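Read top to bottom, the protein sequences are chains A and B. Each residue of the first sequence is one higher than the last, beginning at 331 in the numbering used here. Each residue of the second sequence is one higher than the last, beginning at 331 in the numbering used here. Remarks on the structure that follows.
There are 2 protein chains.
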Amino acid sequence: MMCRLGDVIVVAPDGPRSASSCSISPLTTITVRLLKQQQGLTVYQCSGTPTDCIKLALDGLLERKPDLVVSGINHGDNASVSIHYSGTVGAAYEACMKNVPAIAYSLKTKSLQCNFRPYEDTVMQTARYALENGLPQDVLLNVNFPEVEELKGTKICRVGRGRWMKEMMQVGEGAYRLTGYFQNLEPDAEDTDYWALEHGFASVTPLQLDMTAYTMLGELKIES
Amino acid sequence: MMCRLGDVIVVAPDGPRSASSCSISPLTTITVRLLKQQQGLTVYQCSGTPTDCIKLALDGLLERKPDLVVSGINHGDNASVSIHYSGTVGAAYEACMKNVPAIAYSLKTKSLQCNFRPYEDTVMQTARYALENGLPQDVLLNVNFPEVEELKGTKICRVGRGRWMKEMMQVGEGAYRLTGYFQNLEPDAEDTDYWALEHGFASVTPLQLDMTAYTMLGELKIES
């Protein structure tokens with residue numbers, strides 16, 4: 331879809347990187363391979379994490395700062411607390427740190443065959459918005475889609491409270507696999523990303539780099 | 331140090347996990363091995379990331395919810411933007427998501443031999459604070475130490491703005507290594523974590539789970 335908006339350079343991991351968060355690879359050599367180069371579209375594959383891909387693009391491969399970085403559409407939503415684990419969002423965070431407008435896109439689905447058609451308008455609309463208006467310093471956009479044939483609309487949302495439960499399944503002596511289910515702790519909060527997803531809307535959530543809990547700054551009594 | 335405060339259960343990765351962020355290992359089997367069990371101290375090693383370790387501890391190994399989770403002391407600071415890459419902070423985030431008071435500790439140093447003696451008082455003070463008072467819901471503490479013989483004191487700080495520069499070093503045809511240097515974008519801001527570190531103070535920064543950029547919620551004009 332992005333080719334409609336300008337020249338596109340893809341720098342993508344060479345395989346699944348589920349739940350990479352903002353992790354990077356300081357201990358290994360990161361390799362990159364040019365897969366395709368044609369008018370308006372260049373594609374690289376990279377051995378690193380999603381965040382490595384952005385660092386490599388911005389600091390190794392691109393000749394100039396891009397106008398926009400998009401990440402996704404990820405298979406699986408990255409709303410609520412799942413944002414913290416997401417490599418899709420991690421890549422967008424990295425671009426944001428480098429002052430490039432950035433958007434992460436994810437689709438809440440369990441099926442392997444995805445039809446992206448219902449989300450095209452929202453993708454184009456959000457990407458165009460960021461290109462035309464820019465984004466405030468240290469802010470990125472996190473967009474999530476529900477699996478529907480037609481979106482009910484797009485909602486600007488805050489991050490909803492939630493948590494993953496029963497996450498470790500023992501599969502042998504001293505051997506475990508990650509599993510579990512997501513519990514929405516605010517199922518009735520209509521202003522949250524997860525509510526939007528559960529009610530057929532795309533959610534657009536502005537996220538910030540600064541994680542300071544400002545309300546607690548005055549309360550902590552540890553200073554010396 | 332933590333053994334002075336109560337029974338300690340260590341669940342640690344089996345090797346370096348630099349820059350793991352909040353990443354987890356959904357695609358592999360996570361193995362765990364009991365290394366030590368004595369009065370007041372149990373030690374496990376785990377094949378996963380720091381965040382996997384916390385999930386495993388809370389959902390697989392421990393009989394009850396712990397009173398406190400501490401992570402670190404990490405070799406290298408986790409202040410400013412480096413918080414996003416940190417597995418030390420990632421582990422504390424995970425505990426926070428599960429409603430356990432959590433503190434991440436890191437030391438700004440380049441030397442391999444570290445003397446933790448100068449930081450004992452602050453570690454004990456912050457850990458006792460969290461045990462006695464708890465922490466607000468969805469808030470954790472991020473503590474950083476400068477490498478000094480004696481701390482000038484402890485400061486409650488916000489996260490300072492900064493960025494990593496020149497991060498990719500080409501080491502061969504299509505081969506790169508992460509490198510670079512940190513640039514403090516607010517060198518004169520005395521209320522930031524990085525300022526504290528550069529001036530001989532320990533920094534204590536409350537961080538929050540919620541990454542919503544609230545100031546932008548009303549401004550985004552994408553809704554439909």
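Yeah, the Cβ is synthetic: ideal placement off N, Cα and C, and Gly gets one too. Keep in mind it's a predicted model, so treat the numbers as computed, not measured.
Closest by C-alpha distance to residue i, when choosing among the options
i	options	result
G417 (chain B)	B:G548, B:T379, B:R507 and B:A519	B:T379
K366 (chain B)	B:C444, B:D451 and B:A342	B:A342
T522 (chain A)	B:F475, B:M541 and B:F512	B:M541
T358 (chain A)	B:V501, B:K385 and B:I384	B:V501
L364 (chain A)	A:S350, A:P356 and A:L392	A:L392
M495 (chain A)	A:Y511, A:D451 and A:W525	A:Y511
V534 (chain B)	A:L547, A:M331, A:N445 and A:Q443	A:L547
I360 (chain B)	B:Y374, B:Y449 and B:K551	B:Y374
D451 (chain A)	A:E503, A:K428, A:W525 and A:F475	A:F475
K428 (chain B)	A:T545, A:Q513, A:I552 and A:M331	A:Q513
G483 (chain A)	B:I552, B:V362 and B:M331	B:I552
T372 (chain B)	B:R347, B:V340, B:M331 and B:D344	B:V340
Short Cβ contact (9 Å threshold) for residue i with residue j
i	j	result
C333 (chain B)	G370 (chain B)	yes
L470 (chain A)	C426 (chain A)	yes
A421 (chain A)	S436 (chain A)	no
I486 (chain A)	P536 (chain A)	yes
R491 (chain A)	L527 (chain A)	no
I413 (chain B)	N472 (chain B)	yes
Residue i versus residue j - alpha carbon distance
i	j	result
T509 (chain B)	E497 (chain B)	5 Å
I571 (chain A)	E520 (chain B)	Because chain A is modelled from 331 through 554, residue 571 (chain A) falls outside the range shown and cannot be assessed.
L481 (chain B)	N408 (chain A)	41 Å
C376 (chain A)	E549 (chain A)	45 Å
E424 (chain A)	V430 (chain A)	9 Å
S441 (chain B)	R447 (chain A)	54 Å
V338 (chain B)	A387 (chain B)	12 Å
S410 (chain A)	G406 (chain B)	30 Å
I433 (chain A)	G530 (chain B)	38 Å
R493 (chain B)	I384 (chain A)	14 Å
P356 (chain A)	E479 (chain A)	42 Å
L465 (chain B)	K395 (chain B)	15 Å
S351 (chain A)	Y449 (chain B)	30 Å
V489 (chain B)	A543 (chain B)	15 Å
V362 (chain A)	C444 (chain B)	36 Å
G504 (chain B)	A532 (chain A)	38 Å
Y415 (chain A)	K438 (chain B)	25 Å
Q368 (chain A)	E477 (chain B)	51 Å
T545 (chain A)	T545 (chain B)	15 Å
Neighbourhood of residue i by C-beta distance below 8 Å, restricted to the same chain and skipping five residues each side
i	result
S353 (chain A)	T379, T381, G417 and G420
L335 (chain B)	L398, M454, A457, R458 and L461
Residue-level contact to chain D via CB, residue i, 9 Å cutoff
i	result
R507 (chain A)	Among the protein chains in the structure shown, which are A and B, there is no chain D.
Sequence-distant residues of its chain with Cβ nearer than 7 Å to residue i (five each side left out)
i	result
D468 (chain A)	C426, Q538, L539 and D540
M499 (chain B)	Y506, R507 and T509
D344 (chain A)	Q375, C376 and S377
M331 (chain B)	E450, V453 and M454
Y524 (chain B)	A409, S410, G490, G492 and N514
R347 (chain B)	T379, P380 and G417
Same chain, Cβ closer than 6 Å to residue i, five either side skipped, listed in chain order
i	result
A349 (chain A)	Y415
Positions along the stretch 487-499 of chain B whose CB lies within less than 7 Å of some CB in chain A: R488, V489, R493, K496, E497 and M498
Under 7 Å (Cβ pairs) to chain B, residues found in the stretch 454-477 of chain A: Q455, T456, Y459, P466 and V469
Residues in the stretch 353-372 of chain B having any Cβ partner in chain A nearer than 9 Å: S353, I354, S355, P356, L357, T358, T359, I360, T361, V362, R363 and L364
Contact list for the stretch 403-414 of chain B against chain A, Cβ threshold 8 Å: V411, I413 and H414
Cβ-based contacts, 8 Å cut-off: residues of the stretch 427-451 of chain A near chain B: M427 and K428
Residues of the stretch 535-552 of chain B whose Cβ lies closer than 9 Å to any Cβ of chain A, in chain order: T535, P536, L537, Q538, L539, D540, M541, T542, A543, Y544, T545, M546, L547, G548, E549, L550, K551 and I552
Positions along the stretch 386-398 of chain A whose CB lies within less than 7 Å of some CB in chain B: L386, D389 and G390
Selection of the stretch 509-530 of chain A by Cβ proximity to chain B, strictly under 7 Å: none
Chain B contacts made by the stretch 334-351 of chain A, where a contact means CB separation under 7 Å: Here the close residues are P346, S348, A349, S350 and S351.
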